[in-house]
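Reading through the structure tokens given below for one structure.
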Amino acid sequence: MKKKLPFCFSLLTAALLVACNPATPPAQTQVTEQASPSVQAPVAEKIAHEMTIHGDTRIDNYYWMRDDKREDPKVLAHLEAENQYADALLADTKPLQTQLFEEMKSRIKKDDDSVPTRSGQYYYSSEMRGDNEYPVYVRSSDFAGTNKQELLDANKLAEGHEYYNLGGLSASPNDKLLAYAEDTLSRRIYTIKFKDLETGELLSDELQGTSGTTLWANDNKTVYYIKKDPQTLLGYQVFRHTLGTPQAQDELVYEETDNTFYTGISKSKDHSLIYIHHSATETSGVSLIDANQADAKPIAFVPREAGLEYEIAKLGDTFYVLTNLDAINFRLMKVAADQLGDKRKWQDVIAHRPDVQLQGFELFNDHLVYQQRQNGLSEIFVKKLSGGPAHKLNFNDNAYMARMYGNNELDNPSLRVYYTSMTTPGTHYDVDLNSFALTQLKQQPVLGDFDAANYASERLFVEARDGAKVPVTLVYRKDKFKKDGTNPLYQYGYGSYGATMDPGFSSNRLSLLDRGVVYAIAHIRGSQMLGRPWYEDGKKLTKKNTFNDFIDVTKALVAQGYGHKDKVVAAGGSAGGLLMGAVINQAPELYLGVAAHVPFVDVITTMLDESIPLTTNEYDEWGNPNDKTYYDYMLSYSPYDQVKAQAYPNLLVTTGLHDSQVQYFEPAKWVAKLREMKTDSNMLVFKTDMEAGHGGASGRFKRLHDTALEYAFFLNLLDK
């Protein structure tokens, strides 16, 4: 998703002294012995690059690895050398990688359809067939699939591309045209195309450099889209395009001048309004455009205000507002459509409760559905707008994930819900809004000998060093688990942006559980598992709580017999990669192996460079290092800056050359510095996907190779 961040000034000073006095003179990428006489690790050239701010000078010997165009022969050669080294070092795991890949693939039903969701007069779904990597998108006149029409075959569209991502499918109001978006580089920059669904022909219109989302005005010929800045990759301009005209003639409807904000667009359920969403980490807002007027101008819902967050939904002449106005855990309010612009007119629908976080809501003609989180568990309630008590939907597992999706129409008689737990495969339900009866539409099939009764999940709380109680969710195979401190333990974490990693099922994970590995998710601060305060206590000047929580969870799980102290592995990606980098600087002795995927590790350098994609929008997450207070704090934990002469765990680091969220050169530099500084002979493996970006490989089976690589890396260390 986004990028993501750790530790001590005296240690940094020591690292800089070593960096300024290299043991070998600068040279082109060399080769040295590492793991065995026959396998040699690349050694990157050291070219001192000074960066001074607040009177402090940092030396970055590997700054030269940054190449925004991805064309520098020297940089590409170094990455290829690392890939060759990784392949050689992991050669003995190839059979296990293949075995794991086949295991995981064998659990996937090849012919599999998504559950249709209604939008307008049609039900839309996708179909996977055989060994296809991508789905075929279809629509039907009813849920049962009558009169099915193929819209797009992503397999055909992906032909000739190493990477392909199809998104932004949007039918015109009269259902005759389809807009869709393509990304063939994994930079999350999309080209929007249009298809005539009656003739099957493509229109001549192509919209370049977009975020991928297309919204139709109600005249069936006007569309709204967001243009991205080609350097920062921020979507900041909303354009209006008329079909049949050149993109150069498109009208700029809105331009975001504050580069700390993201811009998004959506449409109201009654199709009357286009919403422009303005989103920063701690502030949000909405502007409205009349979807019935092709020349309409945006109008602010209320003036934007620092620290005020809200989202809206429209029902008749009333707007419902989910907001943090005087409510850290949010409240639901409403306001009449003729009283816009003044938040003093907002009235409570669901009052603020300090111990319950209001997460989201859906409106129907006669019902309000809202979701809240209490004591770390998500709960869904259905309430008639005419009055009466709210009805809570009940789920059986002690830890689970439930979310609402596909509820696109106000006149739907039922609520669509997706449910899963660590032992329950993803299950889709329709909930009757009047009787509250649940109808199971589909449970994701798991082929082979899977039996949910063979597995158990636990939810517990671990006391962190400052007394905070950190939620943890575990899953294991019953006949492989003894709770006597003999099992291997795999611990996952993220802990940033308020993103909550709810416990859900993974058929891939069975390959670990069936080998006796205990899998744990540490719901550390920086997420919202325990509400918005849990997030606030894990960002900016409290960010170290995130890392401390993860370490304290590891210690507690080992002490309680869930894992062997010498058989603990950990993994995280993006901001979770930052977590991994901070943790291994602080407590490397706790982990046998660590996987850091697309890791955000060069915190200070990135956050001081506004030309790097997404930097400015991150200030409210990490802090702005142009302020010395934040600079000093961020520097004290930044994984790259805090690498030091010590033993590190066995490490697997992965990235994508075209990553738009965390640039490839962050992990590349980090690995080079680790090779220089670390005192152990443990493995340090660095793999760059030369065709992919932040999300890794595209395609449902191709992605399994990445998972198989990580699992084989860990299982090889664990002798499993």
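Letter by letter, the sequence shown follows residues -19 to -1, 1 to 701 of mature numbering (1 follows the signal peptide of the UniProt record, and there is no 0). We put the beta carbon where it would ideally sit given N, CA and C, even for glycine.
{"Query": "Rounded straight-line distance, which links the Cα of Q274 to that of Y206", "Result": "16 Å"}
{"Query": "Minimum length 4: unbroken alpha helix (DSSP H) runs contained in the segment 463 to 524", "Result": "491 to 494, 513 to 517"}
{"Query": "The segment 402 to 411 touching the segment 423 to 441, judged by at least three CB pairs closer than 8 Å", "Result": "yes"}
{"Query": "P23 to L638 span [Cα, whole Å]", "Result": "18 Å"}
{"Query": "Reference S359, options F342, H348, D347, N346, closest by Cα", "Result": "F342"}
{"Query": "Same chain only: Cβ atoms within 8 Å of P335, ignoring 5 sequence neighbours per side", "Result": "I309, N310"}
{"Query": "Alpha-carbon to alpha-carbon, V643 and L698", "Result": "28 Å"}
{"Query": "Test item: CB-CB of Y301 and L344 under 8 Å", "Result": "yes"}
{"Query": "Cα-Cα separation between T10 and R656, rounded to whole angstroms", "Result": "Because T10 carries a pLDDT of 37, less than 50, the predicted location of this residue cannot be relied on, and no value is offered for it."}
{"Query": "Alpha-carbon to alpha-carbon, D231 and residue 711", "Result": "With the chain represented from -19 up to 701, any question about residue 711 goes unanswered, as that position is not in the structure."}
{"Query": "Closest Cα partner of L306 within the set A162, H545, I331", "Result": "I331"}
{"Query": "Exposure of S122, with buried meaning 16 or more beta-carbon neighbours within 10 Å", "Result": "exposed"}
{"Query": "Best match in S477, D411, T481, Q541 for proximity to N526 [C-alpha to C-alpha]", "Result": "S477"}
{"Query": "Segment limits, alpha helix (DSSP H) that includes S87", "Result": "75 to 87"}
{"Query": "Distance between beta carbons of S367 and K295, contact taken as under 8 Å", "Result": "At roughly 19 Å, the Cβ-Cβ gap does not stay under 8 Å, so K295 and S367 are not in contact."}
{"Query": "Selected residue, minimal CA-CA separation from G519, among L214, A556, G36", "Result": "A556"}
{"Query": "Distance, L441 Cα to T454 Cα", "Result": "7 Å"}
{"Query": "Helix, strand or coil at E143 according to DSSP, with G and I counted as helix", "Result": "coil"}
{"Query": "S167 versus L147, I40, T241, T535, residue with shortest Cα-Cα distance", "Result": "L147"}
{"Query": "D700 to H259 span [Cα, whole Å]", "Result": "50 Å"}
{"Query": "Residue closest to F417, alpha-carbon to alpha-carbon, out of N375, N388, G448", "Result": "N375"}
{"Query": "Touching by the beta-carbon criterion (3+ pairs, under 8 Å), the segment 681 to 699 and the segment 480 to 495", "Result": "yes"}
{"Query": "Helix, strand or coil at I170 [DSSP, three-state]", "Result": "coil"}
{"Query": "Identity of the residues DSSP links to I40 by a beta bridge", "Result": "E31"}
{"Query": "G554, enclosing beta strand (DSSP E) - first and last residue", "Result": "549 to 554"}
{"Query": "Proximity below 8 Å, CB of A67 to CB of V666", "Result": "yes"}
{"Query": "Through-space distance from Q472 to D186, alpha-carbon basis", "Result": "48 Å"}
{"Query": "Proximity of V549 and V564 at Cβ, strictly below 8 Å", "Result": "no"}
{"Query": "Beta-carbon spacing of E114, F682 below 8 Å", "Result": "yes"}
{"Query": "Rounded separation between L138 and I293 - CA only", "Result": "36 Å"}
{"Query": "For W651, three-class secondary structure by DSSP", "Result": "helix"}
{"Query": "Classification of N393 by the beta-carbon crowding that lies within 10 angstroms, buried from 16 upward", "Result": "buried"}
{"Query": "F82 to Y692 span [Cα, whole Å]", "Result": "10 Å"}
{"Query": "For T203, the nearest candidate out of H372, Q218, Y410, A152 (CA to CA)", "Result": "A152"}
{"Query": "Classification of Q130 by the beta-carbon crowding that lies within 10 angstroms, buried from 16 upward", "Result": "exposed"}
{"Query": "Status (buried if at least 16 other CB within 10 Å, exposed otherwise) for A58", "Result": "exposed"}
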